[in-house]
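Numbering (the numbering used here), first residue to last: 809 to 1319.
Glycine included, C-beta positions come from ideal geometry on N, C-alpha and C.
Here the structure comes first, spelled out in structure tokens, and everything after it is commentary.
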Ligand SMILES: Cc1ncc(COP(=O)(O)O)c(C=O)c1O
């Protein structure tokens, strides 16, 4: 086992790790043998010891990279240095402090376009608050109309699902393309049928995530071209994909792409981007104007003239002091290399999946159910799961999150703002969800499970462990060891939910 991965400092601080060092050494040997390419990512161990040393200093196992990545210390230092290197005022005026800030903003804009290989002649880049901000801009400005369509996939973040409210208000037809459980990949046949229903003479929008924030599934990017050839504009939600994958817009040509930068490199928060193909930009209709978005506005004439290009979509004052930190973050990712990050995440995810899926209670029953692909084939480092007791009863994931927290392990639980993937994962039907809505404000996990006792004992919600650029073997090993601690555990069950892992169905209550 590489000593770089388990600094002596952590061993000293965490007695439980010190006691099981030999076990971890053995586990690492097994891992390294089966994932030999992990050795090629050793540069990330060096970074972990320098740029991300606070993880080990504070004995934290961070497994919430799909929630947000972590920043390298040098990003902060470089940003501070930049801010101290001049006097910066509100951009887009001619005074010297404003002009200095504008130069940094525009340089960052060029860097983001270039990072995604998006030619400035083909794409514009709009700075937003986050990915949701970009998605909302598309939703509110897209020329939905009664003969047009919005096609979403069950696997979408709520910030994409929310676009349907704009489409609904303008009378467009809304459809959802389903997923196939248990791998939670798209039902391609059904999707193609839905894509074929567009009238190419109308404005149609198809929105899907490049990578699922629920299951880690990487959806096929060739869908962009195939949907476009059938008369759709395509919105690619790349928020969960770009932290560990390269996205080449010259090759893919989606009409809209939304990202959040903190998910890519941890800092700054509060800045995202919407990349828009110029041909799609021409079609957008902004429903309002704001400070910064107009070249001319009159109170008496009650008229306005929108500014050209990205300025027409950037409402009010941008987060201008933070935006230059995006350029610094992009340089940081480029210096590491996306291939190295992707390979490390693949190796760690593969080993984690194997270990979790192999875990059995004393009576031979599986301990863990994974929602999504069981291998690293076309999937990223987001792993969503539930634990069950020896009789197949669901263990309360909220309590498990608490217990993990007590061991310094950061996980996320719930439905991760992706209700469609959760519904598909659990086999929940529209009728189930309508029944749950009748609970009104009393709806919570317990009342939901009680209701589902009469509806096939389905459940909702899960635990998500996600791996990212600063993850190492010790992190994954500690998580696996934490889960192993629930072998033959019966005390954390909730409700009466039982699950048959072979058929991937919830089958019986209690007994
Ligand atoms: C796939 C996906 N899309 C959109 C979002 C929304 O990102 P934000 O909260 O930064 O706006 C997230 C956040 O987790 C996500 O994972």
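Reduced DSSP secondary structure (H/G/I, E/B, other) of residue 951: Taken through DSSP and simplified to helix, strand or coil, residue 951 comes out as coil.
Distance cut-off 7 Å: residue 1024 Cβ against heavy atoms of ligand 1: Between ligand 1 and the CB of residue 1024, the shortest heavy atom gap is not smaller than 7 Å.
Option in 1052, 1229, 1159, 1057 with minimal Cα separation from residue 1029: Nearest C-alpha to residue 1029: 1057.
Delimiting residues of the alpha helix (DSSP H) encompassing residue 912: Annotation: the continuous alpha helix (DSSP H) that includes residue 912 extends over 904 to 923.
Classification of residue 1231 by the beta-carbon crowding that lies within 10 angstroms, buried from 16 upward: Under this definition residue 1231 is a buried residue.
Close-in-space but distant-in-sequence residues of the same chain around residue 974 (CB under 8 Å, 5 per side omitted): Excluding positions up to five away in sequence, the list reads 947, 948, 950, 952.
Residues near residue 883 in its chain [Cβ-Cβ closer than 7 Å; skip 5 each side]: Taken in chain order, the residues that qualify are 1073, 1075, 1133, 1136, 1137, 1140.
Host beta strand (DSSP E) of residue 931 (start-end): For residue 931, the enclosing beta strand (DSSP E) covers residues 931 to 936.
Endpoints, the beta strand (DSSP E) within which residue 1112 is located: Its beta strand (DSSP E) spans residues 1111 to 1114.
Under 8 Å between C-beta atoms of residue 1047 and residue 1067: Contact flag set, yes.
Distance between residue 1021 and residue 1080 (C-alpha atoms, nearest Å): Going from the Cα of residue 1080 to the Cα of residue 1021 covers about 17 Å.
Endpoints, alpha helix (DSSP H) assigned at residue 1128: Element bounds for residue 1128: n/a, residue is neither H nor E.
Any non-hydrogen atom of ligand 1 closer than 7 Å to residue 874 Cβ: Yes - ligand 1 has a heavy atom lying nearer than 7 Å to the Cβ of residue 874.
Bounding residues of the beta strand (DSSP E) (the contiguous stretch that carries residue 858): Taken as a continuous stretch (DSSP letters only), residue 858 belongs to no beta strand (DSSP E), being part of the alpha helix (DSSP H) at 851 to 858.
For residue 986, the nearest candidate out of 1009, 1016, 1278, 972 (CA to CA): That would be 1016, whose Cα lies nearest to the Cα of residue 986.
Cβ pair residue 1071, residue 941 closer than 8 Å: Cβ atoms of residue 1071 and residue 941: not closer than 8 Å.
Straight-line Cα distance separating residue 1104 from residue 1190: Put simply, the backbone Cα of residue 1190 is about 47 Å away from that of residue 1104.
Ligand 1 heavy atom lying under 7 Å from the CB of residue 1133: Residue 1133: no, Cβ never under 7 Å from ligand 1.
Distance between residue 958 and residue 1087 (C-alpha atoms, nearest Å): Each residue's alpha carbon lies about 19 Å from the other.
Any non-hydrogen atom of ligand 1 closer than 7 Å to residue 1080 Cβ: True, at least one ligand heavy atom lies under 7 Å from that Cβ.
For residue 1176 and residue 1205, the rounded distance between their alpha carbons: So the two alpha carbons sit approximately 12 Å from each other.
Spatial distance of residue 1208 from residue 1220 (CA atoms): Answer to the nearest angstrom: the Cα atoms are 10 Å apart.
First and last residue of the uninterrupted beta strand (DSSP E) at residue 1079: Annotation for residue 1079: no beta strand (DSSP E) segment contains it, and DSSP assigns it neither H nor E.
Reduced DSSP category for residue 1299 - H, G, I as helix; E, B as strand; rest coil: Three-state DSSP puts residue 1299 in coil, outside helix and strand.
Close beta carbons around residue 891, own chain, < 7 Å, minus the five adjacent residues each side: The residues are 1129.
Nonlocal neighbours in the same chain, by C-beta distance under 6 Å from residue 1154, ignoring five residues either side: Closer than 6 Å at Cβ, skipping near neighbours: 1184.
For residue 1097, three-class secondary structure by DSSP: Note: residue 1097 maps to coil in three-state DSSP.
Residues surrounding ligand 1 [beta-carbon distance to nearest heavy atom under 5 Å]: Cβ atoms closer than 5 Å to ligand 1 belong to 938, 939, 940, 965, 967, 1017, 1021, 1045, 1047, 1048, 1068.
Whole-angstrom distance between residue 961 and residue 1036, CA atom to CA atom: Each residue's Cα considered, the two are about 16 Å apart.
Residue 1302 versus residue 1202: straight-line alpha-carbon distance, rounded: Answer to the nearest angstrom: the Cα atoms are 6 Å apart.
8 Å Cβ cutoff met for residue 1041 and residue 1063: Taking 8 Å as the cut-off, the beta carbon of residue 1041 is found closer than this to the beta carbon of residue 1063.
Integer-rounded CB distance, given that residue 839 should sit under 8 Å from residue 1290: With a Cβ gap of about 17 Å, residue 1290 and residue 839 do not count as contacting.
Neighbour-count burial assignment, residue 845, 16 or more Cβ in a 10 Å radius: The residue in question, residue 845, is exposed, as its Cβ has fewer than 16 Cβ neighbours within 10 Å.
Delimiting residues of the beta strand (DSSP E) encompassing residue 1213: No beta strand (DSSP E) holds residue 1213; the alpha helix (DSSP H) holding it covers 1205 to 1214.
Segment contact, 8 Å Cβ cut-off, at least three pairs: the stretch 1102 to 1120 with the stretch 1151 to 1171: Verdict: no, contact absent.
For residue 1019, the three-state DSSP class (helix, strand or coil): Three-state result, residue 1019: strand.
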